[in-house]
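Peer 1: Keeping their order, the protein sequence lines are chains A and B.
Per this note's numbering, residue 10 is the first one in the first sequence, and the count goes up by one each step.
Per this note's numbering, residue 140 is the first one in the second sequence, and the count goes up by one each step.
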Amino acid sequence: AQTVTQSQPEMSVQEAETVTLSCTYDTSENNYYLFWYKQPPSRQMILVIRQEAYKQQNATENRFSVNFQKAAKSFSLKISDSQLGDTAMYFCAFMKPGANSKLTFGKGITLSVRP
Amino acid sequence: NAGVTQTPKFRILKIGQSMTLQCTQDMNHNYMYWYRQDPGMGLKLIYYSVGAGITDKGEVPNGYNVSRSTTEDFPLRLELAAPSQTSVYFCASSYSPETGGNGYTFGSGTRLTVV
């Protein structure tokens, strides 16, 4: 079974600075997908970014980028130019392709952006 | 574009009562899921369905039941509510995950308190 570990329960960053959220996972699969979801106080789960394991290039979405280290089974999220609206809980998630596959989530990290 | 709609948004139940959490999606997704979110624990899968008429247990199915009579609807039934079922419940849907897809589309959640 796959496991996803987010060891930092919370972090804080100054507005306009850069912050990195850590995530590690454990799997014996070679092909899989990794995701970061954002959950603001509204409770809505919002997909931030996804990475396909067979792609060596790190995914980027505007101010959000990942550092995917397949051998180390590490998948960190970097948020550049942090904004107050980035304050939220962030979940790392794993999924292997195939019928009956499901998203497995980490415990999440609470990020606070200070004005 | 309604996406995934969950009702109710909030509910207080007394121990031993029963209720159904409603979930409907208008994206013609085959796959649907129910998760529960507890503080510091991330999201845990309760039940999922790969299509109308087909359901299967997730990680934490005890105390819950589901049905999937149509592609659109995936209700979650709580029988004999217990305080341990106090949680936030999320319904989600996706296209077939066989290609990894784009993650899930989530509803806005139901906060349930059992007293």
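Ideal placement from N, C-alpha and C gives every residue a C-beta, glycine not left out.
Give the C-beta separation of lysine 105(A) and leucine 184(B) to the nearest angstrom, bearing in mind that I take them to be a contact with Cβ-Cβ under 8 Å.
Peer 2: For the purposes of this step, residue 105(A) is taken as residue 96 along the first sequence, with counting starting at 1. For the purposes of this step, residue 184(B) is taken as residue 45 along the second sequence, with counting starting at 1. Not a contact, Cβ separation roughly 14 Å.
Peer 1: Hey, quick one: how far does the beta strand (DSSP E) through phenylalanine 77(A) stretch, first residue to last?
Peer 2: To locate residue 77(A), count along the first sequence from 1; it is residue 68. From DSSP, the beta strand (DSSP E) with phenylalanine 77(A) extends over 73-78.
Peer 1: Near leucine 182(B), which residues of its chain fall below 8 Å by C-beta distance, leaving aside the five closest residues on each side in sequence?
Peer 2: To locate residue 182(B), count along the second sequence from 1; it is residue 43. Cβ within range, chain order: Tyr174, Arg175, Gln176, Phe229.
Peer 1: Closest by CA to serine 61(A), which one among Pro50(A), Glu38(A), Met98(A)?
Peer 2: Within the first sequence, the letter at position 52 stands for residue 61(A). Residue 61(A) is actually glutamate in this sequence, not serine. Comparing Cα-Cα distances from glutamate 61(A) to each of Pro50(A), Glu38(A), Met98(A), the minimum goes to Glu38(A).
Peer 1: Is phenylalanine 213(B) close to chain A? Criterion is C-beta to C-beta, closer than 7 Å.
Peer 2: Numbered from 1 along the second sequence, position 74 holds the residue referred to as residue 213(B). Closer than 7 Å: no.
Peer 1: Would a C-beta distance cut-off of 7 Å place glutamine 17(A) and cysteine 101(A) closer than the cut-off?
Peer 2: Looking up residue 17(A) in the first sequence gives position 8. Looking up residue 101(A) in the first sequence gives position 92. No, these two residues do not count as a Cβ contact at 7 Å.
Peer 1: Please name the residue, chosen from Thr36(A), Ala80(A), Gly94(A), that lies closest to glutamine 48(A) on a Cα-to-Cα basis.
Peer 2: Numbered from 1 along the first sequence, position 39 holds the residue referred to as residue 48(A). The shortest Cα separation from glutamine 48(A) among Thr36(A), Ala80(A), Gly94(A) belongs to Gly94(A).
Peer 1: Between Asn241(B), Ala220(B), Ile193(B), which lies nearest to serine 206(B) when the distance is taken from Cα to Cα?
Peer 2: Taking the second sequence and counting its residues from 1, one reaches residue 206(B) at position 67. When only C-alpha atoms are compared, the closest one is Ile193(B).
Peer 1: Determine whether the beta carbon atoms of glutamine 161(B) and serine 232(B) lie at a separation below 7 Å.
Peer 2: The residue given as residue 161(B) occupies position 22 in the second sequence. The residue given as residue 232(B) occupies position 93 in the second sequence. No.
Peer 1: Taking only beta-carbon atoms, is leucine 160(B) less than 7 Å away from chain A?
Peer 2: Taking the second sequence and counting its residues from 1, one reaches residue 160(B) at position 21. Leucine 160(B) does not count as touching chain A.
Peer 1: Whose C-alpha, out of Gly117(A), Ser121(A), Lys79(A), Phe44(A), is nearest the C-alpha of arginine 59(A)?
Peer 2: The sequence position of residue 59(A) within the first sequence is 50, counting from 1. Closest by alpha carbon: Phe44(A).
Peer 1: With three or more C-beta pairs closer than 8 Å as the rule, is the segment 20-28 of chain A touching the segment 82-90 of chain A?
Peer 2: The segment 82-90 of chain A, when compared against the segment 20-28 of chain A, does touch it at the 8 Å Cβ threshold.
Peer 1: Chain B beta carbons: is any one of them nearer than 7 Å to that of phenylalanine 73(A)?
Peer 2: As a position in the first sequence, residue 73(A) is number 64, starting the count at 1. No, phenylalanine 73(A) does not count as interfacial toward chain B.
Peer 1: Under 8 Å between beta-carbons, which chain B residues line up against phenylalanine 100(A)? List them in chain order, please.
Peer 2: Taking the first sequence and counting its residues from 1, one reaches residue 100(A) at position 91. Ordered by position in chain B, the residues that pass the 8 Å Cβ test against phenylalanine 100(A) are Gly181, Leu182.
Peer 1: Using only the alpha-carbon positions, how far apart do aspartate 35(A) and tyrosine 203(B) sit?
Peer 2: Stepping through the first sequence from its first residue, residue 35(A) is reached at position 26. Stepping through the second sequence from its first residue, residue 203(B) is reached at position 64. Going from the Cα of aspartate 35(A) to the Cα of tyrosine 203(B) covers about 29 Å.
Peer 1: In the DSSP assignment, find the unbroken beta strand (DSSP E) run with cysteine 230(B) in it and report its ends.
Peer 2: To locate residue 230(B), count along the second sequence from 1; it is residue 91. Its beta strand (DSSP E) spans residues 226-233.
Peer 1: Please confirm whether glycine 202(B) has its beta-carbon closer than 7 Å to some beta-carbon of chain A.
Peer 2: Translated into the one-based positions of the second sequence, residue 202(B) becomes position 63. By this cut-off, glycine 202(B) is not an interface position.
Peer 1: Please identify, using Cβ separations under 9 Å, the residues of the segment 107-119 of chain A that lie next to chain B, in order along the chain.
Peer 2: Hits within the stretch, in order: Gly107, Ala108, Asn109, Ser110, Lys111, Leu112, Thr113, Phe114, Gly115, Lys116, Gly117.
Peer 1: So if DSSP puts cysteine 101(A) in a beta bridge, which residue, or which two residues, is it bridged to?
Peer 2: Position 92 of the first sequence, counted from the start, is the residue given in the question as residue 101(A). Its beta-bridge partners are Trp45(A).
Peer 1: Cβ atoms of glutamate 19(A) and threonine 96(A): under 7 Å apart, would you say?
Peer 2: Residue 96(A) sits at position 87 when you count from the first residue of the first sequence. Residue 19(A) sits at position 10 when you count from the first residue of the first sequence. No; because the gap between Cβ atoms is not below 7 Å, this pair is not in contact.
Peer 1: In its own chain, which residues sit with a C-beta less than 7 Å from the C-beta of glycine 197(B), not counting the 5 before and 5 after it?
Peer 2: On the second sequence, residue 197(B) is found 58 positions in, with the first residue counted as 1. Same-chain partners within the cutoff: Leu184, Ile185, Tyr186, Tyr187.
Peer 1: So arginine 52(A) and serine 226(B) are in contact, right, with Cβ under 8 Å, and what is the actual spacing, rounded?
Peer 2: Position 43 of the first sequence, counted from the start, is the residue given in the question as residue 52(A). Position 87 of the second sequence, counted from the start, is the residue given in the question as residue 226(B). Not quite, the Cβ-Cβ distance comes to about 12 Å (not below 8 Å), so this is no contact.
Peer 1: For phenylalanine 44(A), decide whether its Cβ has a neighbour in chain B, counting only Cβ atoms nearer than 7 Å.
Peer 2: Position 35 of the first sequence holds residue 44(A). Judged by the 7 Å Cβ criterion, phenylalanine 44(A) is in contact with chain B.
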